[in-house]
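Student: For the record, in the sequence shown the residue sitting at position 110 is 1092 according to my numbering, with numbers rising by one throughout.
If you scroll down you'll find the structure; I have some questions about it.
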Amino acid sequence: MDTDPDKWFYDRVSRNLIQLHSIEEVLYTGQTKFQSAEIIRSGSFGKCLVLDGKIQSSEADEFIYHEALVQPSMLTHPCPETVFIAGGGEGATLREVLSHNTVKRAVMVDIDEQVVALCQKFLPNHSRGSFEDERTELLHVDARDYLAKSGELFDIIIIDLPDPIEEGPAYLLYTQEFYQLVRDRLTENGIITVQAGSAALTELLNFGAVNNTLKSVFL
């Protein structure tokens, strides 16, 4: 984690933009099998999940991201019963999915078991008991392999992963090949939702790249 002696966290948003967050407490810092992971308490945003030096989610405003990621597709589909979530280690995406009583089965596949455990311990308000819901099936395997081998079809597939510019465990899940696999695993009226990175002016190139890749497969 990139901090100075005065307990400030440097969040590099882009090559030309850095945000500073005051740190009240470092609750955890370590290395999983796949990435570095920290849980910090920010002066402005409460407890935050930090992966590979970038803030992924915070207590104060996570609902904005997770509701926007999940609810449009869930409300658009006439009757979403089966949902697949790639990533989503905090459990908040799962929480939003399970808020719909039409859902009979939610499969969440996050390869990093340690991150999921950290979030369950330090960020329980994100998931709010969703991991214990009888409709939940939690797996710690590669999402790509799971979809390729299972042959199952889903009404909704949600890709909730770190930004595509990061060459971490999620890198290969932003490719045309992966989206073609996702397309083949959707039901007739199925919907895909993708976390496509920041829509900030400094990041539009990456955002547009994901959009173009999706268009090449689904349009």
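Just so it is clear, CB atoms sit at the ideal spot from N, CA and C, and this is done for glycine as well.
This one's a predicted model, so the numbers in the text were calculated from it and none came from an experiment.
Would you say Cys1101 and Gly1069 are within 9 Å of each other, going by their C-beta atoms?
Tutor: no
Student: Given this structure, state the Cα-to-Cα distance separating Asp1166 from Val1065, to the nearest angstrom.
Tutor: 14 Å
Student: How long is the line joining the alpha carbons of Cys1061 and Asn1083, rounded to whole angstroms?
Tutor: 10 Å
Student: Going by the beta-carbon positions, is the gap between Leu1238 and Thr1169 smaller than 9 Å?
Tutor: Nothing can be reported for residue 1238: it is not among the residues displayed for the chain, which extend from 983 to 1201.
Student: Roughly how many angstroms separate the alpha carbons of Val1098 and Ser1026, rounded to a whole number?
Tutor: 24 Å
Student: Can you give, in chain order, each stretch of the alpha helix (DSSP H) that sits fully within the segment 1101–1165 and has at least 4 residues?
Tutor: 1106–1109 and 1125–1132
Student: Specify whether the segment 1123–1143 and the segment 1155–1163 touch according to this definition: at least 3 beta carbon pairs, one from each stretch, less than 8 Å apart.
Tutor: yes
Student: Quick check on the burial criterion: 16 or more other C-beta atoms within 10 angstroms. Buried or exposed for Thr1118?
Tutor: buried
Student: At which residues does the alpha helix (DSSP H) containing Arg1077 begin and terminate?
Tutor: Ala1074 to Leu1080
Student: Can you check the segment 991–1032 for any beta strand (DSSP E) of at least 3 residues that lies completely inside it and give the ranges in chain order?
Tutor: 999–1013 and 1018–1024
Student: Going by the CB atoms, is the gap between Phe1045 and Ile1022 shorter than 9 Å?
Tutor: no
Student: On the three-state DSSP scale, how would you describe Gly1172?
Tutor: Strand at Gly1172.
Student: Could you tell me the boundaries of the beta strand (DSSP E) in which Ala1068 lies?
Tutor: Per DSSP, Ala1068 belongs to the beta strand (DSSP E) from Thr1064 to Gly1069.
Student: Starting from Val1089, trace the beta strand (DSSP E) both ways and give me its first and last residue.
Tutor: Arg1087 to Val1091
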